[in-house]
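Chains as they are written, first to last, in this note's numbering: chain A, 1 to 175; chain B, 1001 to 1091. Note that the Cβ used here is the ideal one computed from N, Cα and C, for glycine as well.
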Amino acid sequence: MDNLGEAVERVRAGDTAAFQRIVDATSARLVRLGARMLGNVVDAEDVVQEAYVKAYRALVTGEFDGRANVATWLYRIVTNQAIDAMRGRARRPKPTDTADETSSELASAEQKLALAELADWMDELPPDQRATLVLKAVEGMTSPEIAEILQCSEGAVEQRLVRARAALRKRSEAP
Amino acid sequence: MSQDDADIDVRLARLADATAELRPRADFTSRVMQRIEAQPAGVLVALQLPARRFFPISMLAAALALLWAVSVDRQLDEAMATSDDMELAAW
Chain A
1 MDNLGEAVER VRAGDTAAFQ RIVDATSARL VRLGARMLGN VVDAEDVVQE
51 AYVKAYRALV TGEFDGRANV ATWLYRIVTN QAIDAMRGRA RRPKPTDTAD
101 ETSSELASAE QKLALAELAD WMDELPPDQR ATLVLKAVEG MTSPEIAEIL
151 QCSEGAVEQR LVRARAALRK RSEAP
Chain B
1001 MSQDDADIDV RLARLADATA ELRPRADFTS RVMQRIEAQP AGVLVALQLP
1051 ARRFFPISML AAALALLWAV SVDRQLDEAM ATSDDMELAA W
């Protein structure tokens, strides 16, 4: 994600079309992040689309003052949206395979298998632990970066990682 | 780091590699831009959020105004009743 400051300024000044530059520069990474958290690309696209609408509104209203890093800020919105989606999903019965069918054009068989494996493996983790582990071990972010995205302390990030790993260890030990 | 932790990291790294090339659909950007262009004009959006923030205060102000209106109405009723009584007494 390159320097998007100019596009941000143009959107804030009322140039809606400039928002496309932000989408072009960030959508691949954000959809990939969402897919890794949610287990499929279709849900990830929905989450990222909602995140962009929120981001646009925050730019237009001046809620985003432009001092924070745009990429980090977008990561934060997408991560929060994905956590909400995971929580909502936990309250609802699991859907059928429609998402898989629709996403057949989006991902190769290998990618779909990997996403399904990731989702199944982390299925029992609480959404915040799952998000933290994905940001750290799959996205390759540092603990301070994750703390900024999740708006918590580095200690809280480390604690979530320890708990997530313990839960995965316990799961692998289970018969 | 225990062997279990190392195994977890190896598996996560493998899954990260396998999903590294994931992309949204080709029409994703145009779908997002359609949603963005369908948003209310900047000024309206700018007014909506502060309005939402002031909602609880507005509700409180409306409740206070109602109480004030009821109390004024009561005072007016009492004043008119007194005035009627005085008129009757004078008559």
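7 Å CB neighbourhood of residue i in its chain, flanking five on each side removed
i	result
V23/A	Y52
A85/A	L38, D43, V47
A209/A	Given a span of 1 to 175 for chain A in the structure shown, any question on residue 209/A remains unanswerable.
D1084/B	none
R160/A	D128, Q129, T132
I176/A	With chain A represented from 1 up to 175, any question about residue 176/A goes unanswered, as that position is not in the structure.
L59/A	V8, V11, R12
E45/A	V31
S1002/B	none
D1017/B	none
Supposed close pair residue i, residue j - CB separation, criterion 8 Å
i	j	result
T61/A	E1037/B	Not confirmed; about 17 Å, so no contact.
P1024/B	V78/A	Incorrect: roughly 12 Å between the Cβ atoms, too far for contact.
R76/A	Q151/A	7 Å
S193/A	F1028/B	Beyond the ends of chain A as shown, which are 1 and 175, falls residue 193/A; an answer cannot be given.
Q20/A	T1019/B	Between T1019/B and Q20/A the Cβ distance is about 26 Å, and since that is not below 8 Å, they are no contact.
R57/A	Q1039/B	7 Å
A35/A	L115/A	6 Å
V41/A	L1015/B	Rounded, the Cβ-Cβ distance is 15 Å, inconsistent with contact.
L1022/B	A109/A	Not confirmed; about 13 Å, so no contact.
D1004/B	R169/A	5 Å
Other residues of its chain near residue i: CB distance less than 8 Å, five sequence neighbours each side excluded
i	result
T72/A	E145, E148, I149
V157/A	T132, K136, S143, I146, A147, L150
G5/A	G66, V70
A167/A	E124, L125, Q129
R171/A	W121, E124
G140/A	none
Residues near residue i by beta carbon distance below 6 Å, same chain, minus five either side
i	result
A119/A	G39
R130/A	M122
R81/A	At residue 81/A the sequence reads Gln, which differs from the Arg that was named. Counting only Cβ-Cβ distances below 6 Å, and skipping sequence neighbours, we find V47, E50, A51.
A1013/B	none
R165/A	none
K54/A	I77
R87/A	P127
Residue i CB to nearest heavy atom of the ligand PLP below 7 Å
i	result
D15/A	Here there are no bound small molecules, and the ligand PLP is not part of this structure.
Whole runs of the alpha helix (DSSP H) within the region 25-87 of chain A, excluding any shorter than 4 residues
41-61
By the 7 Å beta-carbon criterion, what residues does the region 8-26 of chain A contribute toward chain B?
G14, T16, F19, Q20, V23, D24
Curious, which full-length alpha helix (DSSP H) runs of at least 4 residues does the region 115-164 of chain A contain?
127-133, 143-150
Note down, in chain order, all residues in the region 1020-1032 of chain B with a beta-carbon under 8 Å from any beta-carbon belonging to chain A.
A1020, E1021, L1022, R1023, P1024, R1025, F1028, T1029, R1031, V1032
So if I threshold CB-CB distances at 8 Å, which residues from the region 45-76 of chain A count as touching chain B?
Those would be E45, V48, Q49, Y52, V53, Y56, R57, V60, T61, G62, E63, in chain order.
Please give me, in chain order, every unbroken run of the alpha helix (DSSP H) with length at least 4 that falls completely inside the region 1003-1077 of chain B.
You should have 1003-1018, 1028-1037, 1042-1053.
Near-chain B residues of the region 32-44 of chain A (beta-carbon distance less than 7 Å), N- to C-terminal order
Residues passing the 7 Å Cβ filter: R32, A35, R36, V41.
Please list, in chain order, the residues of the region 137-151 of chain A that have any C-beta partner in chain B closer than 9 Å.
A137, V138, E139, G140
Could you name the residues of the region 1004-1021 of chain B whose beta carbon sits closer than 9 Å to any beta carbon of chain E, in the order they occur along the chain?
Reference to chain E is not applicable here, since the protein chains of this structure are A and B.
Mind listing which residues of the region 158-171 of chain A have their C-beta closer than 8 Å to chain B's C-betas, in chain order?
Here the close residues are R165, L168, R169.
Interface residues of the region 105-118 of chain A facing chain B [CB-CB below 9 Å]
Per Cβ criterion, the list reads E105, L106, A107, S108, E110, Q111, L113, A114, L115, E117, L118.
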